[in-house]
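Following: one structure in structure tokens, then a few remarks.
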Ligand code: PLP
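Numbering (this note's numbering), first residue to last: 5 to 394.
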């Protein structure tokens with residue numbers, strides 16, 4: 005159990021984060037007191053809401069090096085990604101029908117591409133190396149005269165691998181291809197500068213950075229055209245209709261502001277804790293496989309496979325006291341190994357026997373000590389059992 009209180013240790017920050025209390029405090033007045041519609045500027049209620057939304061726009065823009073006018077509010081990364089990919093391909097279909105992406109993207113990207121394929125578009129799916137990275141050369145080789153868009157994630161949600169975004173985006177810019185990046189796991193954790201990094205479209209989500217669920221943004225570089233995916237009142241410069249979720253927007257703004265200010269210190273702190281956990285487990289258990297790049301990865305993530313362990317038994321034995329996850333899609337009937345681990349070449353048994361530990365703002369040294377003990381005990385028991393069962 006969590007050494008501080010009687011609840012499991014939470015090491016699943018890539019799944020979602022708690023709302024930071026400072027973010028919650030910033031949001032609170034906008035539910036009951038300051039409830040105006042930000043689109044109604046004819047009276048004070050609307051104007052107050054509008055001013056707060058404008059401030060939030062500046063806060064988000066500052067985190068990623070954009071200008072406020074380039075921020076489009078959405079309900080989260082899934083929606084942002086749909087708008088970016090489908091919106092770009094729809095809008096530029098007369099110019100070309102080819103899109104480039106890679107195999108470890110989030111399902112939001114992969115499934116958008118599947119839908120495009122069904123609608124007669126052409127998708128090139130790049131295969132990453134064993135670290136989970138694609139190279140600028142790979143991307144350059146895949147671009148064609150009819151390529152409209154390339155979508156490569158900033159950092160992977162399961163293994164934490166960080167892509168060479170700037171180099172890839174530069175290749176795309178030079179060839180006149182739009183570049184979208186899913187920065188859901190990177191924003192607020194790593195420095196992002198859409199101008200220096202040649203990014204045209206960027207998706208991020210509030211609930212991965214201590215903001216509220218159901219909130220996010222799409223950055224649309226000035227001048228980039230997209231077909232809106234939701235018709236209506238023409239809000240957000242026509243990119244996304246619908247009354248603005250003012251408290252949610254205030255939350256994303258405050259979350260971005262806080263993340264920007266805490267990024268450096270949190271990154272350094274979490275790297276130390278993550279390495280303590282990873283190195284501690286390797287030292288105690290010997291045979292441990294680190295999934296993804298150890299050089300190019302998020303500071304707070306480690307994804308480990310434990311050879312000699314039946315993956316089916318692993319998570320249920322851990323999650324009573326340590327909330328972690330694996331990339332396996334678990335249904336009552338079947339459990340598929342993670343497609344991300346498969347894409348980087350892991351055999352099924354290692355993919356099943358994997359655990360993603362993702363640390364965050366509330367993670368303490370004592371929690372890491374506790375997790376080290378717990379995981380060591382469970383793996384040793386399962387290995388003993390596994391050998392006897394064989
Ligand atoms: N992209 C990545 C890399 C993610 O990790 C997630 C969520 O897990 C998403 C997209 C979807 O984000 P949202 O939950 O905001 O729709």
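The beta-carbon is built from N, C-alpha and C at its ideal position, and this holds for glycine as well.
Asked: Could you give the first and the last residue of the continuous beta strand (DSSP E) run that contains residue 220?; Found: 220-224
Asked: Taking the CB atoms as reference points, tell me whether residue 269 and residue 293 lie closer together than 7 Å.; Found: no
Asked: Taking 6 Å as the cut-off, does the CB of residue 112 come closer than this to any heavy atom belonging to ligand 2?; Found: Within the structure as shown, ligand 2 is missing, the only ligands being ligand 1.
Asked: State yes or no: is the C-beta of residue 188 nearer than 6 Å to some heavy atom of ligand 1?; Found: yes
Asked: Helix, strand or coil: which one does DSSP assign to residue 301?; Found: strand
Asked: Does the beta carbon of residue 12 sit closer than 7 Å to a beta carbon anywhere in chain C?; Found: Looking at the structure shown, chain C is missing, and only one protein chain is on hand.
Asked: Residue range of the alpha helix (DSSP H) that residue 361 falls in?; Found: First-last for residue 361: 358-362, but that is the beta strand (DSSP E), not the alpha helix (DSSP H).
Asked: Answer with buried or exposed for residue 122, where buried requires no fewer than 16 other C-beta atoms within 10 angstroms of its C-beta.; Found: exposed
Asked: Could you spell out the range, first to last residue, of the alpha helix (DSSP H) harbouring residue 276?; Found: 250-289
Asked: Measure the C-alpha to C-alpha separation of residue 35 and residue 218 and round it to an integer number of angstroms.; Found: 15 Å
Asked: Sort 11, 12, 19 by Cα distance to residue 213 and report the nearest one.; Found: 19
Asked: Report whether the distance from the Cβ of residue 161 to the nearest heavy atom of ligand 1 is below 6 Å.; Found: yes
Asked: At what residue ranges does the segment 106-133 contain a whole run of the alpha helix (DSSP H), taking only runs of 4 or more?; Found: 111-122
Asked: Give the secondary structure of residue 380 by DSSP, where H, G and I count as helix, E and B as strand, and everything else as coil.; Found: helix
Asked: Where does residue 14 fall in DSSP's three states?; Found: strand
Asked: Is residue 296 near ligand 1, judged by its Cβ being under 6 Å from some heavy atom?; Found: no
Asked: Does the segment 222-241 come within contact of the segment 103-110, defined as at least 3 CB pairs closer than 8 Å?; Found: no
Asked: On a Cα-Cα basis, can you pick out the residue from 169, 161, 74 that is closest to residue 138?; Found: 169
Asked: Give every residue of the same chain whose Cβ lies closer than 7 Å to the Cβ of residue 328, excluding the five residues on either side of it in the sequence, and list them in chain order.; Found: 15, 16, 322, 359, 360, 361
Asked: With burial defined as no fewer than 16 other Cβ atoms inside 10 Å of the residue's Cβ, what is the status of residue 238: buried or exposed?; Found: exposed
Asked: As an exercise, report each continuous beta strand (DSSP E) stretch of at least 3 residues that is fully enclosed by the segment 127-178, in chain order.; Found: 151-155
Asked: I'd like the span of the beta strand (DSSP E) that includes residue 21, first residue to last.; Found: Note, residue 21: premise wrong, no beta strand (DSSP E); not H, not E.
Asked: Please report how far the alpha carbon of residue 181 lies from the alpha carbon of residue 204, in whole angstroms.; Found: 9 Å
Asked: Beta strand (DSSP E) containing residue 76: first to last residue?; Found: 75-78
Asked: For residue 198, does the three-state DSSP call read helix, strand or coil?; Found: coil
Asked: CA-CA distance, residue 413 and residue 130?; Found: Absent from the model: residue 413. The displayed extent of the chain is 5 to 394, so no value can be given.
Asked: Return yes when at least one heavy atom of ligand 1 lies under 6 Å from the C-beta of residue 82, else no.; Found: yes
Asked: Between the Cα of residue 201 and those of 303, 126, 177, 25, spot the shortest distance and give me the residue it belongs to.; Found: 177
Asked: Throw me the rounded Cβ distance for the residue 190 and residue 166 pair, which I believe falls under 8 Å.; Found: 7 Å
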